[in-house]
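Inspection log for the structure reproduced underneath, given as structure tokens.
Numbering (the working numbering), first residue to last: 111 to 469.
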């Protein structure tokens, strides 16, 4: 006689079919009741397994699912179709948001289960490298100089440059023009960040682009919302910088407040020039600084390969887009905006009492 009840044997058994098969074999040789007594169970249980074995063989000795055949709470077929359709429409929006937007009665957990059972992919966060690849393909479609970012960079927070900047009166602010599709950059320098300097730099670059027929129709010149580009926050009229851009038949676009990643193209080049230029170069005076800045810009535009852009230089990419372009179009020298402003003032008409009129 078995010292353990049958239900305990079944609970710890790793192969229940084998134990039940032994019951069937013993019952056929010795009868139902002796078998029930030996295995510490009831005759009804023995007869059940003998009957199942006779009907379906060894595989019939497996456990039968106790799941109900019908459920009053089961989601209807029409509702399942709607939930699947919602996922196809909203794509990356999750179950909780879709439930709110479409007033779905089913729980978010049920919605995810339906998507999983029907092979509908759930919301997945885009991998960083996939996002970059997608943006790369979009930027390739832009015409040359169709999309441009402009920004300023404070130079007084670079330890390797700060001492020379103070002692030798080197520029304190960098004005950067960065073309998005090919990575061409133009530079300007000044002692302060101001709307006047931004206006001078915009006109300086625009004249160069007009000379080489590189003004793209309805092109966008994107900046942040700084006062050096937009003027006073309470101004009722467009700033001088905006008017300079629009005079070249371009559009002055600004990023949403706080969305600094929209300026990633120009911010990337700011990091590059800091590590490749400011941190390693020595400057004797302001003229020497401008000469070395010009050399670096020529290297950057004509020779330096960009790993983000197929290991090609801006010149190679620009030439692929415009076969008629010459290297001179990418050789605009960096400008000292303080010197340029003084020249503008010397040539301007003076106002009353020998006061210069505003540019």
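Quick reminder that beta carbons are idealized off the backbone N, C-alpha and C, glycines included. Bear in mind the structure is a predicted one, so any value in this text is a computation, not a measurement.
Who are the near neighbours of residue i in its chain, counting only those whose CB is closer than 8 Å to its CB and skipping five residues on each side?
i, result
"residue 129", "119, 120 and 123"
"residue 115", "150 and 151"
"residue 274", "280, 392 and 393"
"residue 172", "126 and 127"
"residue 412", "423, 424, 425, 437, 440 and 441"
"residue 396", "278, 279, 280, 281 and 446"
"residue 168", "127 and 131"
"residue 320", "358"
Are the beta-carbon atoms belonging to residue i and residue j less than 8 Å from one another?
i, j, result
"residue 373", "residue 264", "no"
"residue 473", "residue 444", "This structure gives no information on residue 473, because the portion of the chain shown stretches from 111 to 469."
"residue 338", "residue 288", "no"
"residue 387", "residue 295", "no"
"residue 301", "residue 278", "no"
"residue 355", "residue 312", "yes"
"residue 249", "residue 290", "yes"
"residue 362", "residue 331", "yes"
"residue 208", "residue 200", "yes"
"residue 349", "residue 341", "yes"
"residue 418", "residue 246", "yes"
Mapping DSSP to helix, strand and coil, what is residue i?
i, result
"residue 299", "strand"
"residue 363", "strand"
"residue 149", "coil"
"residue 432", "coil"
"residue 261", "strand"
"residue 465", "Only weak support is given to the placement of residue 465: the predicted model assigns it a pLDDT of 47, under 50, and the value that follows is read from those uncertain coordinates. Residue state, collapsed to three classes: coil."
"residue 323", "coil"
"residue 251", "coil"
"residue 410", "helix"
"residue 328", "coil"
"residue 417", "helix"
"residue 399", "helix"
"residue 192", "helix"
"residue 135", "helix"
"residue 377", "helix"
"residue 230", "coil"
"residue 287", "strand"
"residue 154", "helix"
"residue 445", "strand"
"residue 405", "helix"
"residue 422", "strand"
"residue 185", "coil"
"residue 333", "strand"
"residue 292", "coil"
"residue 213", "coil"
Which whole-angstrom value is the C-beta distance of residue i and residue j, which I expect to be below 8 Å?
i, j, result
"residue 329", "residue 389", "Residue 329 to residue 389, Cβ: 33 Å. No contact."
"residue 376", "residue 259", "4 Å"
"residue 403", "residue 297", "6 Å"
"residue 316", "residue 358", "5 Å"
"residue 225", "residue 174", "Contact doesn't hold; Cβ gap of about 29 Å is too wide."
"residue 153", "residue 142", "5 Å"
"residue 196", "residue 206", "No, residue 196 and residue 206 are not in contact; Cβ-Cβ is about 12 Å, not under 8 Å."
"residue 351", "residue 308", "5 Å"
"residue 185", "residue 216", "6 Å"
"residue 384", "residue 268", "6 Å"
Skipping 5 residues on each side, what residues in its chain have a beta carbon closer than 7 Å to that of residue i?
i, result
"residue 133", "145, 149, 156 and 159"
"residue 324", "254, 255 and 439"
"residue 456", "none"
"residue 449", "none"
"residue 284", "262, 263, 265, 297 and 299"
"residue 379", "286, 288 and 295"
Leaving out five residues on either side along the sequence, give the residues of the same chain with a beta carbon under 6 Å from the beta carbon of residue i.
i, result
"residue 326", "253, 255 and 256"
"residue 416", "293"
"residue 406", "387"
"residue 360", "329 and 331"
"residue 162", "170"
"residue 453", "none"
"residue 322", "439"
"residue 431", "254"
I want to see whether chain B comes within less than 8 Å of residue i, judged by CB atoms only; does it?
i, result
"residue 291", "Within the model displayed, chain B is absent; a lone protein chain is all it includes."
Comparing the CB of residue i with every heavy atom of the ligand ZN, is any distance shorter than 7 Å?
i, result
"residue 447", "Ligands are entirely absent from the displayed structure, and the ligand ZN is therefore not among its contents."
Can you find at least 3 beta carbon pairs, one from the segment 215-225 and one from the segment 391-400, that sit closer than 8 Å?
No, because fewer than three Cβ pairs between the segment 215-225 and the segment 391-400 fall closer than 8 Å, the two stretches do not touch.
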